[in-house]
Amino acid sequence: MIDVDTEKSVSEHYCEQARTEAMKFGYSEFESWLTTGGDDRSLILESGANKYHIKPRPINESDIFRG
138 MIDVDTEKSV SEHYCEQART EAMKFGYSEF ESWLTTGGDD RSLILESGAN
188 KYHIKPRPIN ESDIFRG
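Our numbering puts the first residue of the sequence shown at 138, with every later residue one more than the last.
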């Protein structure tokens, strides 16, 4: 559960938590922003990936993406 104060919204607290967790596992500032804006499935777990076992990394131009 997110502890909310009156200075920030729940959304701001969630984004802060998501970014902090991502950066704890060595993701860059940009990559940590890729974990925000969703729900708990976007949070980075101890494995360094999210609940879908995906790491929040930008896709290389040479990669094939079918999303």
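Even glycine gets a Cβ: it sits at the ideal position worked out from N, Cα and C.
- Within the region 145 to 177, no beta strand (DSSP E) run of at least 3 residues lies entirely inside it.
- Residues Thr172, Arg178, Ser179, Leu180, Ile181 and Pro193 of the same chain have their beta carbon placed closer than 8 Å to that of asparagine 187, with the five preceding and five following residues left out of the count.
- Proximity to serine 148 across Ile201, Gly163, Phe162 and Gly175 peaks at Gly175, based on C-alpha coordinates.
- Nearest neighbour of glycine 185 by Cα position, chosen from Ser199, Glu198, Arg156 and Cys152, turns out to be Arg156.
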